[in-house]
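Enquirer:
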Amino acid sequence: RQELLRAMVGQEDVTLDGKHVKLYCNIGSPEDVDAVLANDGQGIGLFRSEFLYLAASDYPDEEAQFQAYKAAASAMNGKRVIIRTLDIGADKQVDYFNLSKEENPAMGLRAIRICLNRPEVFRTQLRALYRASAYGKVAIMFPMITSVWEVKECRRACQKVMEELTDEGIPFNRDTELGIMIETPAAVFMAPELAQLVDFFSVGTNDLTQYVLACDRQCNDLGKFYDPHHPAVLRALKLAADAAHAAGIWIGICGELGADLRLLPTFLAMGIDELSVSPTAVLPLRAAIRQSIAAQGTLELLEG
Ligand code: PEP
Ligand code: MG
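Here the sequence shown is numbered in this note's numbering, starting from 103 and rising by one per residue.
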């Protein structure tokens with residue numbers, strides 16, 4: 103079996119009938135890039151930037167962030183590296199942010215909400231990201247989006263940072279792609295409008311499942327009630343995919359569900375363009391994709 107998987111290294115991520123599905127990886131620090139390269143991941147679909155903040159006792163400065171993003175971007179050597187902006191709050195608490203204690207942290211001040219409330223924290227990260235964009239194919243992704251105005255504000259913050267860097271004569275890639283995570287029901291319903299504002303969608307099925315089913319992802323007692331295969335979750339995924347494709351942008355999945363081989367025919371039927379998974383899941387998925395026929399994909403799991 104190991105040998106069969108090794109034979110997948112260097113092979114294209116394409117079905118028997120020619121549908122390409124990009125296989126990217128999720129990472130949590132620049133050191134994880136070695137595993138991405140060893141498993142022949144074709145890019146990084148989710149670089150969780152929280153590690154920098156969780157490991158520190160105070161706000162990480164621009165330089166520390168820049169070095170980390172640049173390390174990942176240059177090691178990937180021109181392959182796409184999607185870096186997600188800060189996603190703390192909820193299950194990830196950081197003391198120096200002094201966030202108030204909340205009864206429902208998953209629905210509280212987290213992720214993009216913190217960044218939009220604290221423009222200086224956001225600006226520092228965006229500056230580091232744009233500076234890193236001069237050293238590889240960096241893309242920026244915003245988590246926990248629910249509204250059109252949030253994305254517009256994110257875009258304005260990016261625009262401002264680009265103007266600053268231009269004035270300072272610091273190199274960056276002006277065409278850095280911007281994307282959003284689809285992980286709230288609101289983002290699914292607003293997907294047609296949101297798709298007009300970004301270059302790509304990436305579905306966070308861990309949170310999407312939590313919010314669609316009103317099931318706390320942290321609660322172990324929920325058992326079968328927390329079901330990412332629930333037709334409601336899969337229908338949400340399809341709505342987002344249809345909206346993305348109607349607007350001419352691509353859509354990927356970066357939640358755990360992306361590596362679920364039982365759902366591959368469903369993803370193929372929806373035309374999902376990218377799956378971002380843990381590095382060890384790349385070669386098994388590639389083997390499965392190469393044996394699949396996209397035209398035989400099925401939406402039967404969406405039936406109630
Ligand atoms: C998700 O919600 O599916 C996701 C990929 O993000 P995280 O697990 O970091 O919340
Ligand atoms: Mg999430």
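Every residue gets a Cβ at the ideal spot worked out from N, C-alpha and C, and that includes glycine.
Per the DSSP calculation, V300 is bridged to which residue(s)?
Expert: For V300, which the question treats as bridged, DSSP gives no partner whatsoever.
Enquirer: Quick check for students: name the residue ranges of the beta strand (DSSP E) that lie wholly in the segment 209–293, counting only runs of 3 or more.
Expert: Listed in chain order, they are 239–244, 279–284.
Enquirer: Which residue's Cα is closest to the Cα of C256: R186, A316, L315?
Expert: Out of R186, A316, L315, R186 has the C-alpha closest to the C-alpha of C256.
Enquirer: With L339 and D329 assumed to form a contact (beta carbons below 8 Å), what rounded beta-carbon distance in angstroms separates them?
Expert: About 14 Å separates the two Cβ atoms, so there is no contact after all.
Enquirer: Quick check on this structure: which residue in P367, R229, A383, A157 has the alpha carbon closest to the alpha carbon of C356?
Expert: Looking at the Cα atoms, A383 is the closest of the given residues.
Enquirer: According to DSSP, is I391 helix, strand or coil?
Expert: If DSSP states are grouped into helix, strand and coil, I391 belongs with the helices.
Enquirer: State yes or no: is the C-beta of A259 within less than 8 Å of the C-beta of R225?
Expert: Against a cut-off of 8 Å, the Cβ pair of R225 and A259 comes out as a contact.
Enquirer: So if I measure from each beta-carbon to every heavy atom of the ligand MG and keep distances below 5 Å, which residues remain?
Expert: Any residue whose Cβ sits closer than 5 Å to a heavy atom of the ligand MG makes the list: E285, G306, D309.
Enquirer: Answer with yes or no whether the minimum CB distance from L231 to chain B is below 8 Å.
Expert: In the structure shown, chain B cannot be found, because there is only a single protein chain.
Enquirer: Measure the C-alpha to C-alpha separation of N308 and V223 and round it to an integer number of angstroms.
Expert: Cα to Cα, N308 sits roughly 26 Å from V223.
Enquirer: Considering only heavy atoms of the ligand PEP, does any lie closer than 7 Å to the CB of D189?
Expert: Answer for D189: yes, Cβ within range of the ligand PEP.
Enquirer: Whose CA, out of L341, D375, L387, lies closest to the CA of E295?
Expert: Nearest C-alpha to E295: L341.
Enquirer: Is L148 near the ligand PEP - that is, is its Cβ less than 7 Å away from at least one heavy atom of it?
Expert: Yes, the Cβ of L148 comes within 7 Å of a heavy atom of the ligand PEP.
Enquirer: Any contact of the segment 341–354 with the segment 283–295, i.e. 3+ C-beta pairs under 8 Å?
Expert: In short, these stretches touch, since the Cβ pair count reaches three.
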